Amino acid sequence: MPSAEALKARQKRLAAGREQQRAEQAVTLPSQGQLMLPLLRCLDSAGGEAAPADLYDPVAAEAQIDATVRDAMAVFAHGRVHSLFERQVRHAQQLAKMKGLIDARSRGRWTLTDRGQGVLENARPGVVLTIFETRFGLAVWGHVEEAAALIERGSVATIYTSPPYPILKAKEYGGMEAASWLAWSLDLADLWKPLLAPGGSLFMNLGAEVYRRGVPYQSTYLERFVVAMEDRCGYQLAQRWHWDNPTKLGSIEWVSVRRRRLRQTVEPVYWWVNDVAGMQDRADNRPVLQPYKTAQRPYRAGRRPSGIDIGAGAFDRDNGGAIPSTLLSAANSASNDPYRRACRGAGLKAHPAIFPASLPERAILMTTQPGDLVVDPFFGSGTVGEVAERLGRRWIGIERSKAYLDTAALRFPAIAGGEGIPSCP
Ligand SMILES: C[S@@+](CC[C@H](N)C(=O)[O-])C[C@H]1O[C@@H](n2cnc3c(N)ncnc32)[C@H](O)[C@@H]1O
Numbered sequence: 001m002p003s004a005e006a007l008k009a010r011q012k013r014l015a016a017g018r019e020q021q022r023a024e025q026a027v028t029l030p031s032q033g034q035l036m037l038p039l040l041r042c043l044d045s046a047g048g049e050a051a052p053a054d055l056y057d058p059v060a061a062e063a064q065i066d067a068t069v070r071d072a073m074a075v076f077a078h079g080r081v082h083s084l085f086e087r088q089v090r091h092a093q094q095l096a097k098m099k100g101l102i103d104a105r106s107r108g109r110w111t112l113t114d115r116g117q118g119v120l121e122n123a124r125p126g127v128v129l130t131i132f133e134t135r136f137g138l139a140v141w142g143h144v145e146e147a148a149a150l151i152e153r154g155s156v157a158t159i160y161t162s163p164p165y166p167i168l169k170a171k172e173y174g175g176m177e178a179a180s181w182l183a184w185s186l187d188l189a190d191l192w193k194p195l196l197a198p199g200g201s202l203f204m205n206l207g208a209e210v211y212r213r214g215v216p217y218q219s220t221y222l223e224r225f226v227v228a229m230e231d232r233c234g235y236q237l238a239q240r241w242h243w244d245n246p247t248k249l250g251s252i253e254w255v256s257v258r259r260r261r262l263r264q265t266v267e268p269v270y271w272w273v274n275d276v277a278g279m280q281d282r283a284d285n286r287p288v289l290q291p292y293k294t295a296q297r298p299y300r301a302g303r304r305p306s307g308i309d310i311g312a313g314a315f316d317r318d319n320g321g322a323i324p325s326t327l328l329s330a331a332n333s334a335s336n337d338p339y340r341r342a343c344r345g346a347g348l349k350a351h352p353a354i355f356p357a358s359l360p361e362r363a364i365l366m367t368t369q370p371g372d373l374v375v376d377p378f379f380g381s382g383t384v385g386e387v388a389e390r391l392g393r394r395w396i397g398i399e400r401s402k403a404y405l406d407t408a409a410l411r412f413p414a415i416a417g418g419e420g421i422p423s424c425p
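Just so you know, we're using the working numbering here: the sequence shown kicks off at 1 and counts up by one.
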């Protein structure tokens, strides 16, 4: 049986709890998630480290909190009066700490981590800035969902891109699990379709090796995506290409450690066309013909095991070169390629997920003419921009990380050398 004193204390705590609840209901507090970015920005402005008490007012200003919310107080269970807003900022700090964005190990001080700094380097929602321009192209800093609105409808000949793949663990350059990825990517495909000219192409390099959590079985998100691209978005599948990256290690867990699967080195590149009846498709494989291999000609005449009869001289005609297959083999890990060398020279960190230039080059040559517009909405290190510039195509690159755009600028000597003008409208 609790003592009379314990009962009294309990009643006091309950009354304080009810009072606190009433006070909370009287104001609409911002959520912890809403406060997180303002908190990171204010920490950054304070030099990366600050005492909580020095951050409350700046965070309220940054998050545009009105005075009634900023000043709302409540009596807490132990009888002391506290600011509800300040408590919410502390909760936002805990959330940021769980995500590794803030470190609070030293007592009474909050510190921005490298990861938190990385979040700040991504574009702010609603803000799209031109970071640099070249003779043919434009690199913009912004979120793909917003920046796409700047592109004129029907003006794009080809989109060539590689979005972040669905994954289980967040990577430096972003990532989400398969179900959210599917919804997000289909919305983007809907957004891009009217930007494409009739017969315009959309190429997407997508990750095939996505395992479900904790089991050696793969997600079938790609299959679902391909079906929905046709059924929901109305794209036509032109072809599946495959990129073989011989240096790819594959899943560490299922391939290298537990040895249950093979090293998966091939990734698909899906090619869709914005065309209903096959009447607008302008693709042509002649610009990508390759030199004949000497062994390829001359051919031996006669009936093949398949039953096809090849007449003498059938392959003697020179058609300008051999037609490439849909399999393209190229490593993306050369540490001494000009981009990575330029990054090292400038003291910048190179992008971690670059595709080889030969992929967009083939697509651009097959589906565009000089002067046509090519877009990469996930620009990264700017591979597509570099190829388009070299081939005389106009281009637009969209990227949410300013740090990656700074490295992309190094691909264009006129910019990096100071002859171009990095512009910020
Ligand atoms: C796989 S990388 C692209 C790399 C590029 N193909 C290359 O060769 O350098 C994907 C890029 O998309 C960017 N990104 C992710 N989400 C974005 C978004 N919502 N808006 C704009 N860019 C985004 C990431 O910062 C990352 O640089």
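We put the CB at the ideal spot given by N, CA and C, even for glycine. Nothing here was measured: the structure is a model prediction, and the numbers come from that model.
message: Quick check: the stretch 242-257 against the stretch 320-338, are at least 3 beta-carbon pairs closer than 8 Å?
response: yes
field: Reference glutamate 230; option with closest CA among Gln218, Leu202, Val210
entry: If you number the sequence shown from 1, residue 230 lands on position 230. It is Leu202.
- prompt: Which residues share a DSSP beta bridge with serine 201?
  reply: Locating residue 201 in the sequence shown gives position 201, counting from the first residue. In the DSSP assignment, the residues bridged to serine 201 are Thr158, Val273.
task: Output the distance between the C-alpha atoms of glycine 345 and methionine 176, rounded to the nearest integer angstrom.
output: On the sequence shown, residue 345 is found 345 positions in, with the first residue counted as 1. On the sequence shown, residue 176 is found 176 positions in, with the first residue counted as 1. Rounded to whole angstroms, glycine 345 to methionine 176 spans 33 Å at the Cα level.
query: Which first and last residues belong to the alpha helix (DSSP H) in which isoleucine 364 is found?
result: Taking the sequence shown and counting its residues from 1, one reaches residue 364 at position 364. For isoleucine 364, the enclosing alpha helix (DSSP H) begins and ends at 358-367.
message: Quick check: is any heavy atom of ligand 1 less than 6 Å from the C-beta of arginine 393?
response: Numbered from its first residue, the sequence shown carries residue 393 at position 393. No, ligand 1 has no heavy atom inside 6 Å of this Cβ.
message: Just list the residues that DSSP pairs threonine 239 with in beta bridges.
response: Against the sequence shown, residue 239 aligns to sequence position 239. Checking the sequence shown, residue 239 turns out to be glutamine, not threonine. In the DSSP assignment, the residues bridged to glutamine 239 are Trp271.
task: Work out the CA separation of cysteine 42 and threonine 367 for me, nearest whole Å.
output: Taking the sequence shown and counting its residues from 1, the one referred to as residue 367 is at position 367. Taking the sequence shown and counting its residues from 1, the one referred to as residue 42 is at position 42. Taking the straight line from one Cα to the other gives about 47 Å.
- request: With a 10 Å radius around its C-beta and 16 neighbouring C-beta atoms as the bar for buried, classify leucine 262 as buried or exposed.
  value: Walking along the sequence shown from the start, residue 262 turns up at place 262. Under this definition leucine 262 is an exposed residue.
- prompt: arginine 303 and aspartate 309: beta carbons closer than 7 Å?
  reply: Within the sequence shown, residue 303 is the residue found at index 303, counting from 1. Within the sequence shown, residue 309 is the residue found at index 309, counting from 1. For arginine 303 and aspartate 309, yes; Cβs fall inside 7 Å.
query: Alpha carbon to alpha carbon, what distance is there between alanine 283 and alanine 238?
result: For the purposes of this step, residue 238 is taken as residue 238 along the sequence shown, with counting starting at 1. For the purposes of this step, residue 283 is taken as residue 283 along the sequence shown, with counting starting at 1. About 10 Å.
- request: Flag this pair as yes or no: are the beta carbons of asparagine 122 and serine 306 separated by less than 7 Å?
  value: Numbered from 1 along the sequence shown, position 122 holds the residue referred to as residue 122. Numbered from 1 along the sequence shown, position 306 holds the residue referred to as residue 306. The answer is no: Cβ separation not under 7 Å.
- prompt: What's the C-alpha gap between alanine 15 and tryptophan 141?
  reply: Residue mapping note: residue 15 aligns to position 15 of the sequence shown, counting from 1. Residue mapping note: residue 141 aligns to position 141 of the sequence shown, counting from 1. If I take the Cα positions, the gap works out to 52 Å.
message: If you measure between the beta carbons of phenylalanine 378 and threonine 161, is that distance less than 7 Å?
response: For the purposes of this step, residue 378 is identified with residue 378 of the sequence shown, where counting begins at 1. For the purposes of this step, residue 161 is identified with residue 161 of the sequence shown, where counting begins at 1. In this structure, threonine 161 lies closer than 7 Å to phenylalanine 378 by Cβ.
message: To the nearest angstrom, how far is the alpha carbon of phenylalanine 412 from that of glycine 347?
response: Within the sequence shown, residue 412 is the residue found at index 412, counting from 1. Within the sequence shown, residue 347 is the residue found at index 347, counting from 1. Going from the Cα of phenylalanine 412 to the Cα of glycine 347 covers about 17 Å.
message: What I want to know is whether the C-beta of valine 140 ends up closer than 6 Å to one or more non-hydrogen atoms of ligand 1.
response: The count along the sequence shown starts at 1 and reaches residue 140 at position 140. Answer for valine 140: no, Cβ out of range of ligand 1.
- request: Please report the residue range of the beta strand (DSSP E) in which threonine 68 lies.
  value: Against the sequence shown, residue 68 aligns to sequence position 68. That residue, threonine 68, is in no beta strand (DSSP E); its alpha helix (DSSP H) goes 67-71.
query: In its own chain, which residues sit with a C-beta less than 6 Å from the C-beta of tyrosine 165, not counting the 5 before and 5 after it?
result: Position 165 of the sequence shown holds residue 165. If we look at tyrosine 165 and ignore the five residues flanking it on each side, its Cβ neighbours are Gly207.
- prompt: What is the DSSP secondary structure of leucine 196, counted as helix, strand or coil?
  reply: What you label residue 196 is simply residue 196 of the sequence shown in a count that begins at 1. If DSSP states are grouped into helix, strand and coil, leucine 196 belongs with the strands.
message: I'd like the list of long-range same chain contacts for alanine 170, defined as Cβ closer than 6 Å, with 5 residues on each side in sequence excluded.
response: To locate residue 170, count along the sequence shown from 1; it is residue 170. With a pLDDT of 49 at alanine 170, under the threshold of 50, the modelled position of this residue cannot be trusted, and the question is left open.
query: Does ligand 1 have a heavy atom nearer than 6 Å to the CB of isoleucine 159?
result: Taking the first residue of the sequence shown as 1, we reach residue 159 at position 159. It does not: the Cβ of isoleucine 159 is nowhere closer than 6 Å to a heavy atom of ligand 1.
message: Just verifying my parser: in three-state terms, what is the DSSP assignment at alanine 170?
response: Position 170 of the sequence shown, counting from 1, holds the residue named residue 170. At alanine 170 the pLDDT is 49, less than 50, meaning the model places this residue with poor confidence; the figure from the coordinates comes in the next sentence. Note: alanine 170 maps to coil in three-state DSSP.
query: Starting from phenylalanine 132 and walking both ways along the beta strand (DSSP E), at which residues does that stretch end?
result: Walking along the sequence shown from the start, residue 132 turns up at place 132. Here the beta strand (DSSP E) through phenylalanine 132 covers 129-133.
- prompt: Rounded to a whole number of angstroms, what is the C-alpha to C-alpha distance between glycine 382 and leucine 373?
  reply: As a first step, residue 382 must be located in the sequence shown, where it is residue number 382. As a first step, residue 373 must be located in the sequence shown, where it is residue number 373. So the two alpha carbons sit approximately 15 Å from each other.
- prompt: Any idea if leucine 188 is buried or exposed, counting beta-carbon neighbours within 10 angstroms, 16 or more meaning buried?
  reply: As a first step, residue 188 is located in the sequence shown; it is residue number 188 there, counting from the start. Buried, since its Cβ has 16 or more Cβ neighbours within 10 Å.
- request: With hydrogens ignored, establish whether the beta-carbon of valine 144 is closer than 6 Å to any heavy atom of ligand 1.
  value: On the sequence shown, residue 144 is found 144 positions in, with the first residue counted as 1. The answer is yes for valine 144.
- request: Enumerate in chain order the residues of its own chain whose CB-to-CB distance from arginine 362 is below 6 Å, with the five nearest sequence positions on each side excluded.
  value: For the purposes of this step, residue 362 is identified with residue 362 of the sequence shown, where counting begins at 1. Closer than 6 Å at Cβ, skipping near neighbours: Val288.
message: Out of Gln21, Gly199, Thr326, Ile323, which one is the CA nearest neighbour of methionine 73?
response: Taking the sequence shown and counting its residues from 1, the one referred to as residue 73 is at position 73. Minimum Cα distance to methionine 73 is reached at Gln21.
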